[in-house]
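Take a look at the structure set out below.
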Amino acid sequence: MWSVSDETLYAGLAAGDRDATDAFVARFQRRVYGLARSITGDDRVAEDVAQEAMVRAWRHAAAYDPRRGSVATWLLTITRNLAIDEIRVRRPIAFDPEVLLASAAPSTDRTPEDAATVSEEIGRLRRALVTLPEEQRRAIVLAGVLGLSGREVSEHEGIPLGTAKTRIRAAMIRLRALLTEEERSE
Amino acid sequence: MTAAPGCAAARELAPDLVAGILDGAERAEVLEHVHHCSSCQAYVSELTGVADALVHLAPEIEPPAGFSGRVIATMRRPRRMRRRLVAALAAAVAAAAIVSVVAVRVIDADRAPSEALVPTIARTAMVGSDGVRVGEVVTATSEATALAVTVDYAVDDGLYDVVLRSRDESDVLGEMQISDGRGAWSGRVGDGRHPDASVDLVDAAGDPVCSAALGDV
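As they're listed, the protein sequences go chains A and B. Those letters in the first sequence? Residues 1 to 186, per the numbering used here, in order. Those letters in the second sequence? Residues 187 to 403, per the numbering used here, in order.
See the structure below:
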């Protein structure tokens, strides 16, 4: 099986290598579909979004810049943006931020190194998130993952605009402090 | 007009910037400062790393049966330009070149099918999100519509999707590579009519960067 890094696999996909294409889709499809499903809350829409995200990542492979983040982050960001476009046409936005915090099953199709790196990052972020007050956690997921504006977060949560902004800002500052602190202590 | 913020103000607003909740004016001011200040750049970069990591939180879910096969099939479909299309485009571009000196002849394709082979030419400005003209779209409509999209100003280099949007749907027509601020794409829209259509360039992240409103195509 393909025991290569995400970046190497992506390069193979960009070059049109058939085996790399199969392996790329197999490696990422659960993460891409999982994110699309979590944001849209609809199987059919999620499938369309996930398919479009994968195809777009393939077609734009030449535009990928490794200095700006990992292949996984790039692919999931494309997925998130497409999913947001889909739910923005529906009002009001029905989304439970806690859905994203449900524990993820470990993937069986990654190299041990990739799996360790990804789960370490996610683990750190999860540990940091659970230390936040629930209202801050919800606010940062709504703004940071769903791309809601401050006003939309305030409407979604039934709180004043100023309060929504304060929660988002506090959560960002706290997460950054917790993550960089943990990184330095390792 | 307010002065660009210093480090303290920029850092106070940086979390809002990264979370995407600043309004346009504040956003521009913070970006202006960050552009010239390496220590604030580093701070924003750390915050961006936090925001980017959030997408990894979603649970992994097995997609429906056949999903990977459909994705792979799309990736393997050959992309080629048909001869007929090339001929239509050559005609469209040639016609567009003389449109400024020749009165545009309006053809009602529905009522005069025999004459519908004479294309109706229209030019539409393509504008960026800030309203600045970045290029134009020339359409030549007969039985189908040929499009020639050119961009020559204020769009970052990179690969963009050329997307036809109407109220109900959006179709990716092709790709445009912009190099040194310039790019061109030409192709054809299907036979159907597209009420209130626009042609957008969409970047790799899925965000439209500029758009031309075509009306009925």
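For each residue, glycine too, the CB sits at the ideal point set by N, CA and C. Note that the structure is a prediction, hence the values are computed from the model and not measured.
Self-check item: Beta-carbon contacts of Ala104/A that lie in its chain and below 8 Å, excluding the five residues immediately before and after
Solution: In the first sequence, the residue the question calls residue 104/A occupies position 104. Legend: pLDDT at Ala104/A = 43, less than 50; position of this residue unreliable, value from coordinates given subsequently. The residues are Gly34, Ile122.
Quiz item: For the segment 235-247 of chain B against the segment 27-42 of chain A, are there 3 or more C-beta pairs whose distance is under 8 Å?
Solution: yes
Exercise. For the segment 229-260 of chain B, enumerate the residues whose C-beta is nearer than 7 Å to any C-beta of chain A, in chain order.
Key: Glu232, Leu233, Val236, Ala237, Asp238, Ala239, Leu240, Val241, His242, Leu243, Ala244, Pro245, Glu246, Ile247, Glu248, Pro249, Pro250, Phe253, Ser254, Arg256, Val257, Ile258, Thr260
Quiz item: Can you tell me the Cα-Cα spacing of Glu198/B and Arg56/A, whole angstroms?
Solution: The residue you call residue 198/B lines up with position 12 of the second sequence. The residue you call residue 56/A lines up with position 56 of the first sequence. When rounded, the distance between both Cα atoms is 36 Å.
Self-check item: Val358/B beta carbon less than 7 Å from that of Gln51/A
Solution: Residue 51/A sits at position 51 when you count from the first residue of the first sequence. Residue 358/B sits at position 172 when you count from the first residue of the second sequence. Result no, Cβ atoms of Gln51/A and Val358/B do not sit closer than 7 Å.
Quiz prompt | Residue environment, Glu98/A, which counts as buried when at least 16 other CB atoms sit within 10 Å | solution = For the purposes of this step, residue 98/A is taken as residue 98 along the first sequence, with counting starting at 1. Label assigned to Glu98/A: exposed.
Exercise. Please name the residue or residues paired with Cys396/B in a DSSP beta bridge.
Key: Counting from 1 along the second sequence, the entry for residue 396/B is found at position 210. According to DSSP, Cys396/B bridges with Gly314/B, Leu387/B.
Exercise. Report the option in Asp42/A, Glu181/A, Arg37/A whose CA atom is closest to the CA atom of Leu125/A.
Key: As a first step, residue 125/A is located in the first sequence; it is residue number 125 there, counting from the start. Here the closest residue by C-alpha is Glu181/A.
Quiz item: Does DSSP put Ile159/A in a helix, in a strand, or in coil?
Solution: Walking along the first sequence from the start, residue 159/A turns up at place 159. In this structure, Ile159/A counts as coil in the three-state DSSP scheme.
Quiz item: Beta-carbon separation of Ala177/A and Leu132/A under 7 Å?
Solution: For the purposes of this step, residue 177/A is taken as the residue at position 177 of the first sequence. For the purposes of this step, residue 132/A is taken as the residue at position 132 of the first sequence. Result no, Cβ atoms of Ala177/A and Leu132/A do not sit closer than 7 Å.
Quiz item: Expressed to the nearest angstrom, what Euclidean distance is found between the alpha-carbon atoms of Ala11/A and Gly344/B?
Solution: Here residue 11/A refers to the residue found at position 11 when the first sequence is read from its first residue. Here residue 344/B refers to the residue found at position 158 when the second sequence is read from its first residue. Taking the straight line from one Cα to the other gives about 18 Å.
Quiz item: Taking 7 Å as the CB-CB cut-off, is Pro191/B touching chain A?
Solution: As a position in the second sequence, residue 191/B is number 5, starting the count at 1. Not one chain A Cβ lies under 7 Å of Pro191/B.
Quiz prompt | Own chain partners of Gly150/A with C-beta closer than 8 Å, once the 5 adjacent residues on each side are dropped | solution = On the first sequence, residue 150/A is found 150 positions in, with the first residue counted as 1. Ala143, Leu161, Ala164, Lys165, Ile168, listed in sequence order.
Practice problem: Return no unless some Cβ of chain A is closer than 7 Å to the Cβ of Leu217/B. | Solution: One-based indexing of the second sequence puts residue 217/B at position 31. False, the Cβ-Cβ gap to chain A never drops below 7 Å.
Quiz item: Excluding five sequence neighbours on each side, which residues of the same chain lie with their C-beta closer than 6 Å to the C-beta of Arg137/A?
Solution: Indexing the first sequence from 1 puts residue 137/A at position 137. The answer, listed in chain order, is Leu129.
Quiz item: Is Val241/B helix, strand or coil when you go by DSSP?
Solution: For the purposes of this step, residue 241/B is taken as residue 55 along the second sequence, with counting starting at 1. Looking at Val241/B - three-state DSSP - the assignment turns out to be helix.
Quiz item: For Val320/B versus Tyr339/B, is the C-beta spacing smaller than 7 Å?
Solution: Taking the first residue of the second sequence as position 1, residue 320/B is located at position 134. Taking the first residue of the second sequence as position 1, residue 339/B is located at position 153. It is a contact, given that the beta carbons lie within the stated cut-off.
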